[in-house]
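Asker: Chains A and B supply the protein sequences, listed in that same order. Each step along the first sequence adds one to the number in this note's numbering, with nothing skipped, and position 191 is 219. Each step along the second sequence adds one to the number in this note's numbering, with nothing skipped, and position 238 is 266.
Number of protein chains: 2
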Amino acid sequence: MKPSIPKGTRDFSPEEMVRRNFILQTIRTVYERYGFRQIETPAMENLSMLEGKYGEEGDKLLFRILNSGEVIDEIKAKKDNIRLSDISEKGLRYDLTVPFARYVVMHRNEITFPFRRYQMQPVWRADRPQKGRYREFYQCDADVIGSDSLLNETELVQIIADVFSKLNIGVSIKINNRKILSGIAEIIGEADKIIDITVAIDKLDKIGIDKVNEELKGKGVSDDAITKMQPLFSVKGTTDDRLNFLDNFLSASETGKKGIEEVRTLLSYLHSMSFKSDLIELDITLARGLNYYTGAIFEVKVSDARSTFTSSVLGGGRYDDLTGIFGLPDVSGVGISFGIDRIYDVMLEMNLFEQMHLNESSTKILLVNFGKKEEQYALTVLQKLRAAGVNSEIYPDAAKMKKQMSYADACKIPYVLLIGDEEMQSGKLTLKNMMSGEQNRLDVEELIKKLH
Amino acid sequence: MKPSIPKGTRDFSPEEMVRRNFILQTIRTVYERYGFRQIETPAMENLSMLEGKYGEEGDKLLFRILNSGEVIDEIKAKKDNIRLSDISEKGLRYDLTVPFARYVVMHRNEITFPFRRYQMQPVWRADRPQKGRYREFYQCDADVIGSDSLLNETELVQIIADVFSKLNIGVSIKINNRKILSGIAEIIGEADKIIDITVAIDKLDKIGIDKVNEELKGKGVSDDAITKMQPLFSVKGTTDDRLNFLDNFLSASETGKKGIEEVRTLLSYLHSMSFKSDLIELDITLARGLNYYTGAIFEVKVSDARSTFTSSVLGGGRYDDLTGIFGLPDVSGVGISFGIDRIYDVMLEMNLFEQMHLNESSTKILLVNFGKKEEQYALTVLQKLRAAGVNSEIYPDAAKMKKQMSYADACKIPYVLLIGDEEMQSGKLTLKNMMSGEQNRLDVEELIKKLH
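#1: Return the first residue and the last residue of the alpha helix (DSSP H) that A/Pro127 is part of.
#2: Using C-beta distances below 7 Å, list every residue in its chain close to A/Ile237, excluding the 5 sequence neighbours before and after it, in chain order.
#3: Name the residue from B/Gly211, B/Ile325, B/Val374 and B/Ser331 whose alpha carbon lies nearest to the alpha carbon of B/Leu278.
#4: Please classify A/Ala406 as buried or exposed, where buried requires at least 16 neighbouring CB atoms within 10 angstroms.
#5: Just to make sure I have the definition right: I need the residues of chain B whose C-beta is within less than 9 Å of the C-beta of A/Gly355. Which are they?
#6: Using a Cβ-Cβ cut-off of 7 Å, state whether A/Ser177 counts as contacting chain B.
#7: Flag A/Phe91 as yes if its beta-carbon sits less than 7 Å from any beta-carbon of chain B, otherwise no.
#8: Counting only Cβ pairs nearer than 7 Å, list the residues of chain A close to B/Phe16.
#9: Given that A/Gln411 touches chain B, what residues does it touch there, using C-beta distances under 7 Å?
#10: Evaluate B/Asn379 with the Cβ neighbour count: other Cβ atoms within 10 Å of its Cβ, from every protein chain shown; 16 or more gives buried, anything less gives exposed.
#11: What are the boundary residues of the alpha helix (DSSP H) that A/Asp169 is part of?
#12: Residues in the same chain with beta-carbon distance under 6 Å from A/Ala253, minus the five sequence neighbours each way, listed in chain order, please.
#13: Pull up the distance between the alpha-carbon of B/Pro157 and that of B/Gly36, whole angstroms please.
#14: Can you pull out the residues from the segment 378-408 of chain B whose beta carbon lies closer than 7 Å to at least one beta carbon of chain A?
#15: Can you find the residues in the same chain that come closer than 7 Å, C-beta to C-beta, to B/Ala436, ignoring five residues on each side of it along the sequence?
#16: Buried or exposed: which applies to A/Gly367, given that a residue is buried once 16 or more other Cβ atoms fall within 10 Å of its Cβ?
#17: Give a yes or no on whether the C-beta atoms belonging to A/Leu94 and B/Ser32 are separated by under 7 Å.
#18: Is A/Asn419 close to chain B, meaning its C-beta is less than 7 Å from at least one C-beta of that chain?
#19: Residues in its own chain within less than 6 Å of A/Ile225 by CB, not counting five upstream and five downstream?
#20: If you measure between the beta carbons of A/Ser464 and A/Gln167, is that distance less than 7 Å?
#21: So with CB distances below 9 Å, who are the chain B contacts of A/Asn180?
#22: Could you pull the start and end residues of the beta strand (DSSP E) that A/Asn74 belongs to?
#23: Report all residues from its chain with a CB closer than 8 Å to the CB of B/Ile188; omit the five preceding and five following residues, and keep chain order.
#24: Kindly say whether B/Lys118, judged by its beta-carbon, lies nearer than 7 Å to any beta-carbon of chain A.
#25: If we call anything under 7 Å between Cβ atoms a contact, is A/Glu73 one with A/Arg121?
#26: Quick one: what does DSSP say A/Pro424 is sitting in, helix, strand or coil?
#27: Is it buried or exposed, B/Pro357, if we count other Cβ atoms within 10 angstroms and call 16 or more buried?
#28: State the CB to CB distance for the pair A/Leu307 and A/Arg270, rounded to an integer number of angstroms; the pair is presumed to be in contact (CB under 8 Å).
#29: Select from the segment 449-462 of chain A all residues with a C-beta closer than 7 Å to any C-beta belonging to chain B, and list them in chain order.
#30: Any idea which residues DSSP pairs A/Tyr347 with across the strands?
#31: I want to see whether chain A comes within less than 7 Å of B/Ala438, judged by CB atoms only; does it?
#32: For chain A, find out if any of its Cβ atoms is closer than 7 Å to the Cβ of B/Val133; answer yes or no.
#33: Nearest to B/Phe398 by alpha carbon, out of B/Lys431, B/Asp233 and B/Leu294?
#34: Is the beta carbon of B/Phe50 less than 7 Å from the beta carbon of B/Arg144?
#35: Measure the Cβ-Cβ separation of B/Val172 and B/Val362 and say whether it is below 7 Å.
#36: Name, please, each residue of chain B whose Cβ falls closer than 7 Å to the Cβ of A/Thr37.
What follows is the structure in structure tokens.
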């Protein structure tokens, strides 16, 4: 039987895990630094919780779990009346947002709001697998729910900046506000076409002005409205310049003005905390899952000269009614979600793992096994190393030196310790740096100091 | 719609996550200290990899995933000839051992043996849920594969002792060896009944000698053989006493003698590393999943006066042919698996979480929000705290003091910081310990020192 795994899924090797753990741990540390607290939800949810939450397309992409028991009997009994719901009641988590909403409603009596939660778990989608798109992948979400203070948006932006700074990736944080988008639709006289309008202008970067106008026309947006929109497409300058333009453009829309005010408050909070203003950029065309967001909208793109990636590595925003679908209305929240698979690919391309010594094993040192007598001595050294917190191992057999060295090499263990007759007599052990080839003679205390 | 989760699954709250993370992190740290390296495998495996690996009962407990696409059409087309395999090709991971074997075979050209891998991921079983038994639970496995050195067994025993010592749980590590069990079956003249014999004597603790003899008889073990076995049931004394007894009892079995020698080698390794010998105990009746193990067998039971738990919290052993099922024969391995759900329950009962301050939030301090002016000042303090590595948050609105205090209380945040007019003028901030109620006036530097 030839072993295989389902398409779109992946095994992660020790080398990959060291790097993935570094990314996850970096995000986790920053989330906790900002007072976010972790929850976990089950991989399986009842399908009634998932269906209808991700649109028609999303329902098709749910992984459904076959009921336990006599499914085949059930199928034969129902004959042509058989339906999916007869044989499947549970599905795999499709994202972390809907399970979080479900969690909040189920546990609302135990939760003290505002609830600052983070969650880092895999999700599953029966999407067609392709480069960079998997059927199982991690999401890393943080949300504040039950508070409409813009301080929450501010802290999420700070978190984004902190994480990418720790990962050493240059990024651009794009922000917008759903109320600005609503104001635009209102001002051009097409308030009811807001979804079509924002879907179209969201593509400006990719397809250019002409195609956007074409699409707007195709969706039935009037020529007059399209003409009115044109100045939006050529807005240039700093975020302040853009806000001044919008002040004017949206002066007749209360909603639009509220959106501008929210952006200004967020920026002013950031300014008062000496946030590097060149990291953040107001992008009037940014929409992202518009049906969902009601206030701030966030997106992060890599803007690092060392990277060719242009896709987004984070998304987020404010939603006013996440838990309404589960019977708890009017709970406002705001959240972000890091795309760690893309971040991994970016770091790989930028050679960051090597620079951060994340190409090494989690094991720091291998003690070579020369035979019974030396092993005995080596085991006492090994114990001291481990007691001092050094990740270390001994080769379990007295295999040929060459074999043991290539083991260390293949496992990317950075140091090897040689203890032969001479070392046992002098107490000065031979440490070999596998990278440089350099050798040193050290006693155990010096060794521990060196490896710490 | 009333929100719910599938039976046998659980949500984990922030309080539970702090504790679960502590257990997982303790195990992870020790595994890495001993040179084990992490891998992860997909939640879904092809059913052809899983079926037939866990016995008939196990196959029934697999969670099967419905194929994507037009399953209902498929069912209707196949009519009465429909089989499970027509509508389901993938299943959820049932344990970490079979996916690991599949991993080793698939990646055998990238792996340098011996391969010391650890893996900590959820598994799923469609078992009937009951107290302490879930349909989704974590396993935490470490295995060394591709080496038959008993040094590997030795290190696994050390790992077990280290983990439970760090968790502050008193345990008894029971060991046995499949070759001793084989020797016993051979000596009593019932070599072909080894499975029935070991299944029966494995129950000695629970059902007593008479019932064990009854079961043996029922399985067709001869009276003569049962009589020969009786001395085994009354072996007392130290592990050395037991080994001496076995020397005599198994003197005519080569396999049995090999088993005794393996146990002695393991004990001698442990002795040379000053391992606390009262932690370990040879239990001749210990069998655990016998079909699987070929050498050492491990089990850990809580033996702490503060706990009423008697169930095992760890199992493991050596297997000589794990990867044979996937076409790579003769790869010997040895491994252990911590039962973290049970460990959690034990620690809860023993009040260890409270003693270890794991009843607190991951957030260390809440800054009370008194209004715009004070907020501005508080935000600069907040930034300094976070920059110094203190997990901290500010209440996002100037809500009533009482509300903010009860938020800190409910979230189990151990400190609250009050910054009002007086504090802003003096630079001496008021720190309140939420546990003791004690208040201190500190400047920011003193505060950081105190909270570190």
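All residues carry an ideal CB built from backbone N, CA and C; glycine is no exception. Keep in mind that this is a model prediction, so the values were computed, not measured.
Answerer: According to the structure data:
#1: Thr125 to Met134
#2: Phe261
#3: B/Gly211
#4: buried
#5: Met29, Lys30 and Pro31
#6: A/Ser177 counts as touching chain B.
#7: In terms of beta-carbon proximity, A/Phe91 lines the interface with chain B, with at least one pair separated by less than 7 Å.
#8: Chain B is shown only over 29 to 480; residue 16 of chain B falls outside these bounds and no answer can be derived.
#9: Met301
#10: By the 10 Å Cβ count, B/Asn379 comes out exposed.
#11: No alpha helix (DSSP H) holds A/Asp169; the beta strand (DSSP E) holding it covers Glu164 to Ile173.
#12: Ile216, Gly217 and Glu218
#13: 5 Å
#14: Ser389, Ser390, Thr391, Gln404 and Leu407
#15: Leu394, Val444 and Met462
#16: buried
#17: With contacts defined as CB atoms closer than 7 Å, A/Leu94 and B/Ser32 fail to qualify as a contacting pair.
#18: yes
#19: Ala213
#20: no
#21: In chain order: Pro424.
#22: A/Asn74 -> beta strand (DSSP E) spans Met72 to Asn74.
#23: Val199, Ile201, Phe326, Val328, Leu342 and Ile364
#24: Judged by the 7 Å Cβ criterion, B/Lys118 is in contact with chain A.
#25: With contacts defined as CB atoms closer than 7 Å, A/Glu73 and A/Arg121 qualify as a contacting pair.
#26: coil
#27: exposed
#28: No, A/Leu307 and A/Arg270 are not in contact; Cβ-Cβ is about 16 Å, not under 8 Å.
#29: none
#30: A/Gly361
#31: yes
#32: yes
#33: Relative to B/Phe398, the option among B/Lys431, B/Asp233 and B/Leu294 whose CA is nearest is B/Lys431.
#34: Taking a C-beta distance under 7 Å as the contact criterion, B/Phe50 and B/Arg144 do not qualify as a contact pair.
#35: yes
#36: Those are Pro70 and Met72, listed as they occur along chain B.
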